[in-house]
Every structure is written in structure tokens, then in C-alpha cells.
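Visitor: Line by line, the protein sequences are chains A and B. If you use this note's numbering, the first sequence corresponds to residues 219 to 285, in order. If you use this note's numbering, the second sequence corresponds to residues -10 to 253, in order. A virtual CB, placed ideally from N, CA and C, is assigned to each residue, including glycine. Let me give you the structure first, and then I'll get to my questions.
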Amino acid sequence: MVEVWINGGSVTLEDNTSVDSLIDSLGLSDRKIAIEINHQIVSRSRYDSITLKHKDKIEIVTAVGGG
Amino acid sequence: MNSKNFTIGTRSFTSRLIVGTGKYKNFSETQSAIKNSGAEIVTVAIRRTNLGQKPSEPSLLDYIDRDLVTLLPNTAGCYSADEAVRTLQLARELLDGHDLVKLEVLGDPTTLFPNVTETLIAAERLIQDGFQVMVYTSDDPVIAKRLEELGCVAIMPLASLIGSGMGILNPWNLKIIIDNSMLPVIVDAGVGTASDATIAMEMGCDAVLMNTAIAAAKDPIGMAGAMRKAVEAGREAFLAGRMAKKAYQASPSSPKTGLLTPQG
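Take a look at the structure:
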């Protein structure tokens, strides 16, 4: 098991969880999102090849109303 | 130059009203207000996704037709160049490589006045990274010129504080910025009602950006239509050229001759 931070909150994941399966488990597969891991943007094409490591800091963002 | 069109960076637009998407009752109201405003550029903010959200819950982007409007991701809430650059790099990833952005770096949480030194740093880094930067700034003509020299694509001075609805508090500074700028000048922040938008356009602004003036009106969809007309009227008046002001000499609109009682 690995412990990661997602949007500021602690989450425990199975070992070798890919970004793709994380997004799936969060119900975000059909959402327009962008992802950063440890301050590095991860492009969509790499979601299935990157696995999450212990203490990774993950940010998942989207567009919201603003001026 | 075609008076109907104006250009920001590599994109051309017809509508000179840019609207925000914050503070609406729901996405449906946001969508109707955008439609009634006629805006072709719509701002959005970038925030952490709500992780508790159900997959079926609507999201803002479902209500915006990107074939009809250009999204303008902003950096609202950023207080440093680092945060602003990071936010817009995420926005570019989120929006499939979209490069037209609104940079704002704030300096004070009460007034939301821009931090112009951080804004300059962020603008330079974003431009080097290939972004087309529309930049929110104070109404300081020297800073506006500096942002132009850095390679921004539009200068967006405040008329008054964000969300204040106080209108154009320093028309003289705004006029200096307009007169000296080779770039589109867009009043961003402070418009309260239709006449404020008209005044900005009559002064020669290229466009007006607003959010709260529409979203916080009693009838936002109605106000969106009023703002569309206000911006159009102001632009047409600017192009038509107003009459000279005559402070001490009245001039009758009707003939002075042929009066029933000739004046001696």
C-alpha cells in the first residue's frame, strides 16, 4: 500500500496504482481535468504508464466559474 | 481596419464584451447570460476538482460550447508569479493546448489590487513559454507600457476594484493608457452598470470584461443583454466621434431666424 496526497487530502492506494485507474476510481474518467504530480504536469497520454508512489502529491484540477 | 472586428494576439473577434462565469445561481443561468451577452470570450477559473462529486453531476464546461466561444482561463486567487504560471500551465493541459490566457496576480486580499511586480515576472515567463497573455493590471500607464513591451497581447486595467461595481474611477489614467497603447486595451473589473461599459467604450477601449455586474444583477440574463447593447453603443459613439463640449456657449438646435417675434 502507498499513501499519497490528492488535492491536499491523504489517500491510501494499492501498490502500482496507475494514474488511469486512480482517475477511474475517483469517478473522473469522463471529466475534463488536468493532473499534476509533485508539481510536474502529467499529460493525458501518460496516465496509463505512470504509477503512483508513496508520498506523491497529486493535484487534479478543472475549470470552474470565475471572472 | 474593420470597425466590427478586433484582434487579440492571433485571434479575431466581433463582440467586444468579455464575460466571466462566476457567481451565477447555476450553470443554466450562466449559459443563458453568456448567450444573451453575445460574448465570444468567456473567462473561467482553475480549481481543484471536488473529489466527492458524482460522475453524473454537471460541470461548467458541459454548458459552454467551445465552438461558439473562446475560453479564457484566469489566475484569480494567485498571489505570486509562481502560482499564476503553474495555474496557467495546468489550464493549457486541461484545455488541450489552449494558449490564450488571462493573467492576474493579486497583491491584497481585501482590495484584490494587482501585484504589478509579480505580474511582470509572470507575464515574462508565460510569454517565453508560448502563451498569449491578456494581463489584468492597475491603471498605471508606465506598467501598462512595460507589459506591452514584454509581449502581452492585451492590457486590461481595472476601472475600479474587482466586484465593486464602482465604475471608472480614474478616466484620466485610463485615457493615457489607451492613447499610448499599441495593444487592445480592455477595461477589466469595476463595471457596475450599462453606462459604465458605454463610457469605457466611448473613451476608446477596445473591449470590456465583466462578471459581477451581470451575475449580481437582479436579472442577470436581462443585464447581459443590456451590457451587449451598452458596449455596442459605446463603440459606435467612439467611431462616430462625439461633438465638442462647449461649457459656456449654448447653441440652439432650431433656426435663429423666422421667429414670430424677431429678437433685436
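Which whole runs of the alpha helix (DSSP H) in the segment 115 to 166 of chain B are 4 residues long or more, in chain order?
Guide: You should have 130 to 139.
Visitor: Quick check: what's the CA-CA separation for residue 160 (chain B) versus residue 152 (chain B)?
Guide: Going from the Cα of residue 160 (chain B) to the Cα of residue 152 (chain B) covers about 18 Å.
Visitor: Here's a check: name, in chain order, each residue in its chain whose Cβ is nearer than 6 Å to the Cβ of residue 30 (chain B), leaving out the five neighbours to either side.
Guide: 7, 59 and 61, listed in sequence order.
Visitor: Tell me the rounded alpha-carbon separation between residue 215 (chain B) and residue 270 (chain A).
Guide: Distance between the alpha carbons of residue 215 (chain B) and residue 270 (chain A): 51 Å.
Visitor: Using the Cα positions of residue 283 (chain A) and residue 181 (chain B), report the straight-line distance between them to the nearest angstrom.
Guide: In a straight line, the C-alpha of residue 283 (chain A) is about 19 Å away from that of residue 181 (chain B).
Visitor: When you compare only the Cα positions, how much space is there between residue -10 (chain B) and residue 193 (chain B)?
Guide: The predicted position of residue -10 (chain B) is uncertain, since its pLDDT is 45 and thus under 50; a value taken from the coordinates is nonetheless stated next. Using only the alpha carbons, I get a separation of about 15 Å.
Visitor: Between residue 238 (chain A) and residue 260 (chain A), what straight-line distance do the alpha-carbon atoms span, to the nearest angstrom?
Guide: The straight-line gap from Cα to Cα measures roughly 11 Å.
Visitor: Write down the C-beta distance between residue 105 (chain B) and residue 64 (chain B) rounded to the nearest angstrom, noting that I regard them as a contact closer than 8 Å.
Guide: So it is not a contact: roughly 14 Å between Cβ atoms.
Visitor: Going by DSSP, which residues form a beta bridge with residue 275 (chain B)?
Guide: No statement about residue 275 (chain B) is possible, as the shown extent of chain B runs from -10 to 253 and does not include it.
Visitor: Over what stretch of residues does the beta strand (DSSP E) that includes residue 281 (chain A) continue unbroken?
Guide: Residues 275 to 283.
Visitor: Could you tell me the boundaries of the alpha helix (DSSP H) in which residue 78 (chain B) lies?
Guide: Residue 78 (chain B) -> alpha helix (DSSP H) spans 70 to 83.
Visitor: Determine the extent of the alpha helix (DSSP H) in which residue 90 (chain B) is found, giving its start and end residues.
Guide: Per DSSP, residue 90 (chain B) belongs to no alpha helix (DSSP H); it is in the beta strand (DSSP E), 89 to 92.
Visitor: On the CB-based measure, 16 or more other CB atoms within 10 Å of its CB, does residue 240 (chain B) come out buried or exposed?
Guide: Answer is exposed; the Cβ neighbour count stays below 16.
Visitor: Going by the CB atoms, is the gap between residue 166 (chain B) and residue 188 (chain B) shorter than 8 Å?
Guide: No.
Visitor: Do residue 274 (chain A) and residue 44 (chain B) have their C-beta atoms within less than 8 Å of each other?
Guide: Result no, Cβ atoms of residue 274 (chain A) and residue 44 (chain B) do not sit closer than 8 Å.
Visitor: For a test of the three-state rule: what should DSSP assign to residue 222 (chain A), helix, strand or coil?
Guide: DSSP places residue 222 (chain A) in strand when its eight states are reduced to three.
Visitor: Quick one: Cα of residue 140 (chain B) to Cα of residue 179 (chain B), how far?
Guide: Looking at the two C-alpha atoms, the distance is approximately 25 Å.
Visitor: Per DSSP, what kind of secondary structure is residue 63 (chain B) in: helix, strand or coil?
Guide: Of the three classes helix, strand and coil, the one that applies to residue 63 (chain B) here is strand, per DSSP.
Visitor: Assuming residue 224 (chain A) and residue 83 (chain B) form a contact by the criterion Cβ under 8 Å, report the distance between their Cβ atoms to the nearest whole angstrom.
Guide: So it is not a contact: roughly 17 Å between Cβ atoms.
Visitor: Quick one: Cα of residue 267 (chain A) to Cα of residue 277 (chain A), how far?
Guide: Using only the alpha carbons, I get a separation of about 18 Å.
Visitor: Sort A:272, A:262 and A:279 by Cα distance to residue 229 (chain A) and report the nearest one.
Guide: Among A:272, A:262 and A:279, the Cα nearest to that of residue 229 (chain A) belongs to A:272.
Visitor: Is residue 108 (chain B) closer than 8 Å to residue 92 (chain B) when the C-beta atoms are compared?
Guide: Yes, Cβ-Cβ distance for residue 92 (chain B) and residue 108 (chain B) is below 8 Å.
Visitor: Since residue 9 (chain B) meets chain A, which of its residues come closer than 8 Å, beta carbon to beta carbon?
Guide: Chain A residues near residue 9 (chain B): 283, 284 and 285.
Visitor: Does DSSP put residue 242 (chain A) in a helix, a strand or coil?
Guide: Helix.
Visitor: Using the C-alpha atoms, what's the distance from residue 164 (chain B) back to residue 148 (chain B)?
Guide: Distance between the alpha carbons of residue 148 (chain B) and residue 164 (chain B): 11 Å.
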